[in-house]
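Student:
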Amino acid sequence: MDRVPILKAGDVLLVSIQTDLEDRTVMALREDLAERIVRTGARGVVIDITAVEIVDSFIGQMLAGIAAMSQLLDARTVVVGMRPAVAITLVELGLSLGGVQTALDLETGLRLLGAGPLDGGPSEAQDRR
Amino acid sequence: MTTQPGEQTHIVELLRSRRETALDRWTELAGAELRGRLSRGELRGELDDLLSLMLRALDGPDAEAAHDELTAALSEMSRRRARQAFTPTETAFGVFALKQVVYELVTESGSNRPRLTEELMAFSHTVDELGLLTFETYAATREQVISDQAEQLLELSTPVVKLWEGIVAVPLVGTLDSARTQVVMETLLQTLVDTGSLYAVIDITGVAAVDTEVAQHLMKTIKAARLMGAECVISGIRPQIAQTMVALGIEFGDIVSKASLADALEYLLARSGVRIVREEAG
């Protein structure tokens, strides 16, 4: 089974999902992520789903679950790069991912977490493109 | 379609020998009400072509090929008629009039061949089939025209305009139904991705009525935009519509709603950290 790699950049963990998700993959990701957050003391998690074209209700709930879990471990989760079709599907499924923050792309997501791609001072968070 | 060559020899002979008379009479009958959409000369030209093809199809060395050509020519003619706004009756009658012409020719010639009735029947049958073909093509063309227009309308009515760097607007006009909302939703979300815009205004000044269904559609669009990390603002709810919405118990919850597009733009500019300052005159 493929595992989704978790990258660390500063105090932010970066998860880039490159394939369509299977249920087991997401569950494994949740476990890995919880462990990594505790081990590294990360303050933020960015989940990049630009490459994901298909979601179902289970994946949607798991995303919300991951966000809630990270919150408990004191790390904010931002889901970035959701495709229009995926967003429409989730809304049709009645999942609005209540506790999850979202951003258009990785750059915006990192800025939301106060970690810009270059030096990442919190002052940059105000400075929009 | 069945045309048995040779069966209608007498009629074909008659039409050949008195071709000009037949053509004049046909033009006269078929063109009773042209109302300037087609000139008599044009009509005669068209019918002339049809008649020669028909004679070849009924009794010629290349009946099969001529028949195909006839079908194509007829289809083309009724397509033109449909686009020129002829009624279905006028279009079909143009073909059926040939029966009248032939009947008159036969009566005039005073012929009393033994198989004349059968020939007339067979000929009438042929013309009927051609008429039906005309009608079918006509209907198909009209449907095509209608679906083309519906598509154009759909495209026309969902522009996404850029108001500012990072702020886009969708001015909605007309009635919102499921199909249109779907298009609006997809176009808006795609534009958000393409332009990297963080904010969107959905302006419903031009929407005639908002019922629970329309409100539901709008909410879905806004939720989807949120999922992608963009913020949506609604603007331009007209007074009567606001009253109806309250009466219907529609609530937009935590979605920001502004009275006019200008207000919405001002709000979003402030949100994105842009300040507008009027320069002192002088």
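Chains as they are written, first to last, in the working numbering: chain A, 3 to 131; chain B, -11 to 270.
For every residue, glycine included, the Cβ atom is placed at its ideal position computed from N, Cα and C.
Quick caveat, the model's predicted, so the values are computed rather than measured.
Verify whether the separation of the beta carbon atoms of B/Val189 and B/Leu253 is less than 9 Å.
Tutor: Along the second sequence, one-based indexing puts residue 189 of chain B at 201. Along the second sequence, one-based indexing puts residue 253 of chain B at 265. Their beta carbons are under 9 Å apart, which means B/Val189 touches B/Leu253 by this criterion.
Student: Taking 9 Å as the cut-off, decide whether the C-beta atoms of A/Leu31 and A/Ile19 are in contact.
Tutor: Within the first sequence, numbered from 1, the residue matching residue 31 of chain A stands at position 29. Within the first sequence, numbered from 1, the residue matching residue 19 of chain A stands at position 17. It is a contact, given that the beta carbons lie within the stated cut-off.
Student: Taking its Cβ as the centre, do 16 or more other Cβ atoms sit within 10 Å of B/Lys208, making it buried, or is it exposed?
Tutor: In the second sequence, counting from the first residue as 1, residue 208 of chain B sits at position 220. That one is buried.
Student: Which first and last residues belong to the alpha helix (DSSP H) in which B/Gln204 is found?
Tutor: If you number the second sequence from 1, residue 204 of chain B lands on position 216. B/Gln204 -> alpha helix (DSSP H) spans Thr200 to Leu215.
Student: Cβ of A/Val28 within 9 Å of Cβ of A/Ile56?
Tutor: On the first sequence, residue 28 of chain A is found 26 positions in, with the first residue counted as 1. On the first sequence, residue 56 of chain A is found 54 positions in, with the first residue counted as 1. No, Cβ-Cβ distance for A/Val28 and A/Ile56 is not below 9 Å.
Student: Taking the straight line between their C-alpha atoms, what separation do you get for B/Val89 and B/Glu117?
Tutor: Taking the second sequence and counting its residues from 1, one reaches residue 89 of chain B at position 101. Taking the second sequence and counting its residues from 1, one reaches residue 117 of chain B at position 129. Spanning the alpha carbons of B/Val89 and B/Glu117 requires a straight line of approximately 17 Å.
Student: Drop a sphere of 10 angstroms on the beta-carbon of A/Arg113, count the other beta-carbons inside from all chains shown, and report buried for 16 or more, exposed for fewer.
Tutor: To locate residue 113 of chain A, count along the first sequence from 1; it is residue 111. Under this definition A/Arg113 is a buried residue.
Student: In chain B, what lies closer than 8 Å to A/Ser98 by C-beta?
Tutor: Your numbering for residue 98 of chain A matches position 96 in the first sequence. Ordered by position in chain B, the residues that pass the 8 Å Cβ test against A/Ser98 are Lys211, Arg214 and Leu215.
Student: Which residues of the segment 174 to 196 of chain B have a Cβ closer than 7 Å to any Cβ of chain A? Give them in chain order.
Tutor: Glu174, Leu177, Gln178, Leu180, Val181, Gly184 and Leu186
Student: At a cut of 8 Å, does the segment 159 to 166 of chain B reach the segment 119 to 138 of chain B through at least three beta carbon pairs?
Tutor: no
Student: Tell me the residue span of the alpha helix (DSSP H) that contains B/Val89.
Tutor: Here residue 89 of chain B is taken as the residue at index 101 of the second sequence, counted from 1. That run of the alpha helix (DSSP H) goes Pro76 to Ser97.
Student: Kindly indicate which three-state DSSP category B/Asp136 falls into: helix, strand or coil?
Tutor: For the purposes of this step, residue 136 of chain B is identified with residue 148 of the second sequence, where counting begins at 1. Here B/Asp136 sits in helix by DSSP.
Student: Under 7 Å Cβ to Cβ from B/Ser248, same chain only, skipping five residues before and after it: list those, please.
Tutor: Translated into positions along the second sequence, residue 248 of chain B becomes position 260. Answer for B/Ser248: Ser223 and Gly224, listed in chain order.
Student: Give me whichever residues DSSP pairs with A/Val81 in a beta bridge.
Tutor: Translated into positions along the first sequence, residue 81 of chain A becomes position 79. BP columns for A/Val81 point to A/Ile49 and A/Thr104.
Student: Is there a Cβ of chain A sitting closer than 9 Å to that of B/Ala250, yes or no?
Tutor: Working through the second sequence from its first residue, we reach residue 250 of chain B at position 262. No, no contact with chain A.
Student: Tell me A/Ser18's beta-bridge partners as DSSP assigns them.
Tutor: To locate residue 18 of chain A, count along the first sequence from 1; it is residue 16. According to DSSP, which records beta bridges pairwise, A/Ser18 is partnered with A/Asp50.
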